[in-house]
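With the UniProt record's numbering, the residue at position 2 of the sequence shown is 2, and numbering never jumps.
Cβ coordinates follow ideal geometry from the N, Cα and C atoms, glycine included.
Note that the structure is predicted; figures quoted are calculated from it, not measured.
Take a look at the structure set out below.
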Amino acid sequence: MNPMIEKMTTRHAIRRFQNRQVEEEALQEILAAGLYAPSAGNNQYSRIVVCQDPDVNLKLGKLSRYMQFKGQNPAKTARSISADQPSIQDDFTILDGFYGAPTVLTIFTRPGQYAHDDAAMIAENIMLAAHFLGVASCYIGRTGEVFATEYGMEKRRAWGVPEDMLPVCNVLLGYREGPEPHAKPRKEGRIIRVRK
């Protein structure tokens, strides 16, 4: 297998982070990879907010967890995501939906037909670059709901994010705590091939 493709198959969502910040040189390379992601029409509308303030990350992380279970009983929505790297759906005692990650990226982009596609490509480039550099990552949704709260709107104003931009996703970055998780087997029948 091609070494780059092999490396891609070993990237996993990490939800247990060491209490140390991502090294600046690695972070800059990771962010550069995100900025070089494809964008519809090469418009490059997206913005990446890099938050390394633990108080802000904790508050936003708690809001993210709250949004996951809003109006639901967490015990009734339980499912096994990962025994190695439990999510808030695996372990209800986890109160921080950002899992204590020291660096939290929020990807904003302009509304439009390809807004979510652009943000997802940035996130994927970031997560792969992080993995290549030994930095763990995790993709988080619910971002729009979090930034629709009073606190979320206050933060985006403080960060100077234009009001017309959509908060699409978060990417958590840090160094993995504990052993490397094992990949779950790939489900069969997910490729449909059409030939003449």
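So, for Phe108: in the same chain, excluding its five sequence neighbours on each side, which residues have a beta-carbon less than 6 Å away from its beta-carbon? Arg47, Val161, Met165 and Pro167
Between Leu31, Tyr36, Gln18 and Asn43, which has its C-alpha nearest Pro111's C-alpha? Nearest of Leu31, Tyr36, Gln18 and Asn43 to Pro111, Cα basis: Asn43.
Looking at the structure shown, is Tyr114 part of a helix, part of a strand, or coil, going by DSSP? coil
Alpha carbon to alpha carbon, what distance is there between Gly134 and Ala115? 29 Å
Taking its Cβ as the centre, do 16 or more other Cβ atoms sit within 10 Å of His12, making it buried, or is it exposed? buried
Nearest-angstrom beta carbon gap, Val146 and Ser39 [assumed within contact, 8 Å]: Rounded to the nearest angstrom, the Cβ distance from Ser39 to Val146 is 23 Å, too far for a contact under 8 Å.
Taking only the alpha-carbon atoms, compute the straight-line gap between Glu124 and Asn57 and give it to the nearest angstrom. 21 Å
Just to confirm, are Met8 and His131 a CB contact at a threshold of 9 Å? Yes.
List the endpoints of the continuous alpha helix (DSSP H) containing Val146. Here the alpha helix (DSSP H) through Val146 covers Thr143 to Val146.
Tell me the DSSP secondary structure of Val56 in three-state form. helix
Pairwise C-alpha distance: Gln68 and Tyr175: 25 Å
Same chain, Cβ closer than 7 Å to Leu172, neighbours up to 5 away in sequence not counted: Excluding sequence neighbours, Leu172 sits near Phe98, Tyr99, Ala101, Val104, Ser137, Cys138 and Ile140.
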